[in-house]
Amino acid sequence: MTTEQPALDLDPDGLAVRREVLGAEHVDASISRADAVTADFQELITRYAWGGIWTRPGLDRRMRSAITLTALVAHGHYTELEMHLRAALRNGLTREEIVEVLLQSAIYCGVPAANSAFAVARRVLAEPDPTD
14 MTTEQPALDL DPDGLAVRRE VLGAEHVDAS ISRADAVTAD FQELITRYAW
64 GGIWTRPGLD RRMRSAITLT ALVAHGHYTE LEMHLRAALR NGLTREEIVE
114 VLLQSAIYCG VPAANSAFAV ARRVLAEPDP TD
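Sequential numbering of the sequence shown, starting at 14, is according to the working numbering.
Structure below.
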């Protein structure tokens, strides 16, 4: 397999939402690293996660962020949690609401998982607000 950058067929609506939620710098960096191994995955998440789910009208982005944080805690995906904590702030969750989501997660996902999540949140919430 070659590692040169292939042409990507990225869903425009999904790409727009992905950039708004995660930040253009993060998304552009992820896309620029796409190669023969990861190109299909970049297309998949842009089309289905961001274009198919995050663009649906049934939930606002704040609610989607709260759900996403909980799911990431439940499965121990702390690198993704870090990225989505920043996204949650961009989507309008307050720092206090994020703490409440993590406390709720402690009960339903487990205290050890929430303990690790709080360690990640402590770092992220100490950063300047990404919406400024």
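The beta carbon of each residue, even a glycine, is placed where N, CA and C say it ideally should be.
Q: Classify alanine 132 as buried or exposed, calling it buried when 16 or more other Cβ atoms lie within 10 Å of its own Cβ.
A: The residue is exposed, with fewer than 16 neighbouring Cβ atoms inside 10 Å.
Q.
Does the distance between the C-beta of isoleucine 66 and the nearest non-hydrogen atom of the ligand GTP fall short of 8 Å?
A. No copy of the ligand GTP occurs in the structure displayed, which carries no ligand at all.
**Q.** Where isoleucine 111 falls, given that 16 or more other Cβ within 10 Å makes a residue buried
**A.** The residue is buried, with at least 16 neighbouring Cβ atoms inside 10 Å.
(Q) My assumption, with CB atoms under 8 Å, is that glycine 105 sits in contact with threonine 68. Please give the rounded CB distance. (A) In fact, because the Cβ distance is near 17 Å, the residues do not count as touching under 8 Å.
Q) Taking C-beta to C-beta, are leucine 82 and alanine 29 nearer than 9 Å? A) At the C-beta level, leucine 82 and alanine 29 stay beyond 9 Å of one another.
**Q.** alpha helix (DSSP H) runs wholly inside the stretch 57-115, at least 4 long, in chain order
**A.** 74-88, 91-103
Q: Would you check if there are 3 or more beta carbon pairs closer than 8 Å linking the stretch 49-67 to the stretch 84-95?
A: Touching, no.
Q: Taking isoleucine 120 as the reference, give the member of Gly36, Ala87, Asp48 with the closest Cα.
A: The shortest Cα separation from isoleucine 120 among Gly36, Ala87, Asp48 belongs to Ala87.
Q: Just tell me which of His39, Pro143, Met76 has its CA closest to the CA of leucine 102.
A: Pro143
Q | arginine 32, enclosing alpha helix (DSSP H) - first and last residue | A | 25-35
Q: Using 10 angstroms around the beta-carbon of leucine 57, count the other beta-carbons present and answer buried if the total reaches 16, otherwise exposed.
A: exposed
Q: Would you check if the distance between the CB atom of aspartate 48 and the CB atom of glutamine 18 is smaller than 9 Å?
A: yes
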